[in-house]
Amino acid sequence: MFPLFFSGRGRKVAIFLKLALTLLGLGLAGNLAGAALSCALRRLSSLSRWPSVAAGAACLGYLAAGLAVLLGEGTHVVVLPMFHPLGGFSLSLDPLAAFFLCVIGLVGVAASLFGQGYLRHLKGRDLGSVGAWYNLFLLSMALVVTGANAVTFLFFWEGMALSSYFLVVSKKEDPAARQAGFVYLVMAHLGTACLVVLFLWPAAQIHSLAFARMAILWPGLPAGEKTILFLLALVGFGSKAGMVPLHVWLPRAHPAAPSQVSALMSGVMLKVAIYGLLRVVFTFLGVGPVWWGLLVLGLGVVSALLGVLYALMEHDLKRLLAYHSVENIGIILMGVGVALLARSLHLPALLMIGLLAALYHILNHAVFKGLLFLGSGSVAQATGTGDMEKMGGLIHRMPWTAGGFLVGAAAISALPPLNGFASEWLTFQALFGLGYHPVAWWSGLAGTLGVAALALTGGLAAACFIKAYGVTFLALPRSRAAEKAAEVPRSMNLGAGILAASCFVLGLFPSRVAAVLRPAVAALGGPHPPPPGSFFTLASGMGGASLSPLLLAAILVVLLLATRFWSGRMPERLSATWGCGGTLGATSEYNATSFAKPFRIAFAFLFRPVREINSGYEVSPFFRHSLHYRGEIRFLFEEYLYEPVRSFLLELADRFRQVQSGNLRTYLAYLFLTLLALLAVNNKWL
Amino acid sequence: MPWVEAALALPVLVALTAVIVALSPSQAAVHVQRYLVLISGWVTLLAAVLLLTRVAAGANLHGFFQVDALSALFLLPVGILGAAAATASWAQQSPPARDADGGRDDRLFGWLFPTFLAVMVAVTLAGNLVFLWVTLEATTVSSALLVDRAGTSRSVEAAWKFVLLTGAGSLCSLFSLGFLLAAVPTPVPDWSALLSFARAGHLDPALAAVAFALALVGFGAKIGLFPLHPWLPDAHSEAPSPVSTLLSGAELGLAVYALVRYLLLVRPALGAWSQETLLAAGLLSAAAGAVMILVSRDLKRLLAWSTLENMGLIVAGFGLGGELGAGAALLQMLYHSLAKGSLFLAAGPVTEEGGSRDLSALAGSLARSPVPAAVLLLSGFAVAGSPPFGNFLSELGLLGAAFAASPLLAVLLATVLLTSLTGLVYHLTKMTFIAREPPSPTPTPPEVGTSANPWAVAAAVFSGVILLIFSLHLPGPVAQLMRAAAKLAG
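From first to last, the protein sequence lines are chains A and B. Just so we're aligned, residue 33 is where the first sequence starts under my numbering, counting upward by one. Just so we're aligned, residue 107 is where the second sequence starts under my numbering, counting upward by one.
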């Protein structure tokens, strides 16, 4: 159906590619069918699951296509006929695109399964349009990563922003959602503007917008121009990825969308931005100066730390998860930063570990963040709220959801043998590797500081998820809604279950995962030989360190069995908790605010917390009958970066309005003066 | 060739019939005129399509009537929006008992609307520059009376400013024609003859420069280029929505068309200066429009400011020149017309049902009038330059052309686009989504004549669907003409 150009090795590759193309085509068709269906079926709510089914089938296609290319190694290009002054659409599926297609497919399948049960219970949203935008969102993401020229990339990049925007504002009556959507759209377009400049500026010299030509011709550009291009890519893709300080839209927009969309936005869309960054910086720009890597590493550290710190202060489950996405993007950027440094310093082994760490963490974060968002969606559906203070004790009523969330929480806290541990271990190895290599004093310092920051981030993330899991699922319910919560339909748990199982698989077999990721690493300029290690162990090649999660898991299981065995022999006594003479209930529980308090105090210089306590009393302040507490923290970037810019622009526009005075004589004067000016400019005849 | 005359004759015949019918005192005449208005729109579309296919098939004509890729492309939005606006007017015509002389009002509309359309068709076919000037002036006169259809003091003021300012402009363009004819050895007002003079280098540069400066002011006033624009937001917002559609989507394009024709004549003599002036004027207008979008408070004025911005972009595209710049400008013209037509047509029912044009009073439109508000929002995104709409691609083309000229220019252009997008999205989403106060259990009974206007909605959807089709796949003949016109104008 399309003209095909195969470049690969042998017949096996060609078969894989043909298969991949067919599957990708089927996937895209499934998305389009889903979008069309949901427009047609918007009035029939009983059929509202079908768009999700189409989306799920499409994502299976993406996943299979991506895997086929990763296992077959090769690239193919599809050209779509179209008139445009800059050239039409074309698609290409190389191993890097295939890897990201796998990420989209895996999380997309789970989210679509979840969505079948979830959408039917959504209130205040137009199901037809949610289904349509959901399908278009998946379609755009797949076409962004497979786009083979700048026009295709930018078109679907914008399509991705627009479709996700409509999903964010799908709760139409909610002013907060609209505000969130607006902030999101503005930040997204700020990024797109940078990307347009990024792609079109060199095009004026190299006369091509095809990615294949860019990869050949960009390295020859002048160094100064390449630096500007690098910064444009960092801002353009960073704003979409949620890199600090461009992250302000993220904690607003992600929670406002339906949960399976939040899972896709946090788990996948941010990664699509990282895809763009990797593609441009590694394959187009060529080897750059050392400070590029240091800048990315530094931004990664800042993003990781600030993300987790703001997450600790959040009491809304989905906002908390959104801040953790900022944190994890930071961790991914640390890997990318090390890889960039290694490339500038010509250290191929370190380059490979850095890239592998970044790609692996991209996949892992997509899986466990998707899982956590799906879990939060189940909780939101069962309790009708996202506020953790109003939850509690849900483990008794929603055991499957609680189990899935626990797996996700353990994975994001990088606990072995789950997948988060494997990729954070690789990131640690990359940072240690940077510290060990005796290149210069600053590389050692950067590596060491990076290790310290990553360790602090990991500790804080664990604390945060103890808070999130404990306050939500354990102890006693703190509201009527939490008391009456019930387990969600099976399809929703099945969606989460796929991701939970993936957390285990990706965590237990890291060397297999690394082998599958190898073509993608190679596509980014990493060295070809596979990372050393056996089937069961992953070795970093840095100081002989290696990791065997299966062994770790076996030890853990043995320890668990041993403790159960020994504790079963101890005498047991059941009694009520001592309440200092009072009675203990749900209100005396340790809640999210109290859990976060030590961190609020320790990091007061950053949060600058504001609190307000109003006590009601009649006779004496010592005998209070009511107590109102309000606490909040202030946000650094909103206050000092975005607000001044916004008010300056509005002020300017308001001044400009005075041109339109309403007086006809003034207008005629404009006309006359323009004529004079035009004639005067042409001084050839004056 | 008979088909050009046929294309021109059909709308003119309908317009003449409408004028004759208007002279009849009988009440039935008003009824007949309603049909004539509808027919005139679709006949214009027919003429546009006819011309387009014939030109794409290789036909070319130079003489008193002139037909090439440029004229066929500029006629296309006139045809599509003409059909859409005429359809929307089917129910828009005032209910019989609005006031005592409501009948006469309708009678005026009944012959002015077909006349306006016929005159616009004539503009694109004019090969003679005097004829071009006359027809362009006739579009001003006929549309000014249409602007004042509401008969309120505000609409009278808007129409008055419109006529005065563009009238002052058309004096300039008349002088410009004089200077142009003085600049050639034998003063023939025929465009192709002048072009061959210009290409042979027989144009006096000094006189051509004056002619171009005057033309820029004259046609610029008609396009609404900054700072000659002040009439534009008034006129386009006070006119009834179908008329606003034609003003914003079709009429301004014709002034651009005339300016491009002049540009092609003087460019060989003036060189880069002519292009650079256009570029500066276009960018300035685009920036002014984008900034004013941010602080708009009235829906239709917001749309008018966006028109100013887009006209600026189109003119800047022709100013950037080259096949890329001109091609992107032509695409931008086509996509903007379709999107803006859909916007204004949808704005009609939305403002009628909301009972106001004030953006904050229109809050919650999506709940009140779901279909037109959804169309309004989507075409708003289109005008703002979001995929899947073609406006994104044409703006990308403009940026590409700007980069080829200078990166600084492109960054400026990108800032303008970003500003206008921010403003449009902010206002339109706020207007459609959020209800200002929770809807009261007993809705106030709508006033007579404020019920949904299905014809306007259908027309808005029609324009929007064509936009979407053209965005995803530009039909073969149109794409072919785009290439040819870009080559001619680039």
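Using N, Cα and C, we set each Cβ at its ideal position, and we do this for glycine too.
According to DSSP, is A/Tyr661 helix, strand or coil? Strand, per DSSP.
So, using beta-carbon positions, are B/Val477 and B/Val563 closer together than 7 Å? yes
Is DSSP giving B/Thr465 helix, strand or coil here? It is worth fixing the name first, because residue 465 of chain B is Leu in this sequence and not Thr. Looking at B/Leu465 - three-state DSSP - the assignment turns out to be coil, as it is neither helix nor strand.
Residues of its chain near A/Leu64, where Cβ-Cβ distance is below 8 Å and the 5 sequence neighbours each way are ignored: Asn167 and Leu171
So, using beta-carbon positions, are A/Leu102 and A/Pro603 closer together than 7 Å? Using a Cβ distance threshold of 7 Å, A/Leu102 and A/Pro603 do not count as a contacting pair.
Quick one: any contact between the segment 376-387 of chain B and the segment 311-320 of chain B, if contact means 3 or more CB pairs under 8 Å? yes
Quick one: is B/Ile126 buried, meaning 16 or more other Cβ sit within 10 Å of its Cβ, or exposed? exposed
Residue span of the beta strand (DSSP E) that contains A/Ser122, given as start and end: From DSSP, the beta strand (DSSP E) with A/Ser122 extends over Ser122 to Ser124.
Hey, is A/His723's beta-carbon within less than 7 Å of any beta-carbon in chain B? Outside the modelled stretch of chain A, which goes from 33 to 718, sits residue 723 of chain A, for which no answer is possible.
Could you tell me whether the Cβ of A/Trp165 comes closer than 7 Å to any Cβ of chain B? no
Length of the line joining the Cα atoms of B/Leu539 and B/Gly454: Before going on, a small fix: residue 539 of chain B reads as Phe here, not Leu. So the alpha carbons of these two residues sit roughly 18 Å apart.
How many Å lie between A/Cys226 and A/Ser291 at the Cα? 30 Å
Quick one: Cα of A/Leu296 to Cα of B/Ala394, how far? 39 Å
Around the Cβ of B/Gly447, are there at least 16 other Cβ atoms within 10 angstroms (buried) or fewer (exposed)? buried
Assuming B/Phe180 contacts B/Gly359 under a Cβ cut-off of 8 Å, what Cβ separation, rounded to an integer in Å, is found between them? About 6 Å separates the Cβ atoms of B/Phe180 and B/Gly359, confirming a contact at the 8 Å cut-off.
If you scan the segment 385-431 of chain B from start to end, which runs of the alpha helix (DSSP H) of 4 or more residues do you find wholly inside it? 405-426
With three or more C-beta pairs closer than 8 Å as the rule, is the segment 318-326 of chain B touching the segment 428-435 of chain B? Verdict: no, contact absent.
Could you pull out every residue in the same chain whose Cβ sits closer than 6 Å to the Cβ of A/Gly140, ignoring the five residues on either side in sequence? Cys91 and Leu170
Please state if the CB of A/Cys535 and the CB of A/Val651 are separated by a distance shorter than 7 Å. no
Can you tell me where the beta strand (DSSP E) holding A/Glu621 begins and where it ends? In the DSSP assignment, A/Glu621 falls outside any beta strand (DSSP E) and carries neither an H nor an E.
Would the segment 384-397 of chain A count as touching the segment 273-281 of chain A if we require 3 or more Cβ pairs under 8 Å? Taking a cut-off of 8 Å for Cβ pairs, the segment 384-397 of chain A and the segment 273-281 of chain A do not touch, as fewer than three such pairs fall below it.
In chain B, which residues lie less than 9 Å from A/Phe187 when you measure between Cβ atoms? Pro493, Pro494, Phe498, Leu499 and Leu502
A/Ser652, DSSP secondary structure in three states: A/Ser652 falls in the coil class under three-state DSSP.
Contacts that B/Leu334 makes with chain A (C-beta to C-beta distance below 7 Å): Tyr702, Leu703 and Thr706
Supposed contact pair A/Ser357 and A/Lys401 - C-beta distance, whole angstroms, cut 8 Å: Under the criterion of beta carbons closer than 8 Å, A/Lys401 and A/Ser357 qualify as touching, at roughly 6 Å.
Could you work out which residues of chain B lie near A/Arg311, taking near to mean beta carbons separated by less than 9 Å? Those do not exist, as A/Arg311 stays about 19 Å from chain B at its closest Cβ, beyond 9 Å.
Kindly say whether A/Tyr674, judged by its beta-carbon, lies nearer than 7 Å to any beta-carbon of chain B. no
A/Pro653 and A/Ser647 look like a contact to me (Cβ under 8 Å); what is the Cβ gap, rounded to whole Å? 7 Å
I want to know whether the segment 181-200 of chain A touches the segment 249-256 of chain A - three or more CB-CB distances under 8 Å. no
Would you call A/Arg605 buried or exposed, if buried means 16 or more other Cβ atoms sit within 10 Å of its Cβ? It counts as exposed.
Report yes if the CB atom of B/Leu405 is closer than 7 Å to the CB atom of B/Arg367, and no otherwise. no
Near A/Asp686, what residues of its chain come up, given a Cβ to Cβ distance below 7 Å and the 5 sequence neighbours on each side ignored? Excluding sequence neighbours, A/Asp686 sits near nothing in its chain.
Which of helix, strand or coil does DSSP assign to A/Asn181? strand
Per DSSP, the bridge partner or partners of B/Asn100: The structure shown does not extend to residue 100 of chain B, since chain B spans only 107 to 596, so no value can be given for it.
Using a Cβ-Cβ cutoff of less than 8 Å, which residues in the same chain neighbour B/Val567 once the five nearest sequence positions on both sides are dropped? Ser448, Val477 and Val481
Give the C-beta separation of A/Leu326 and A/Ala454 to the nearest angstrom, bearing in mind that I take them to be a contact with Cβ-Cβ under 8 Å. About 26 Å; that fails the 8 Å criterion.
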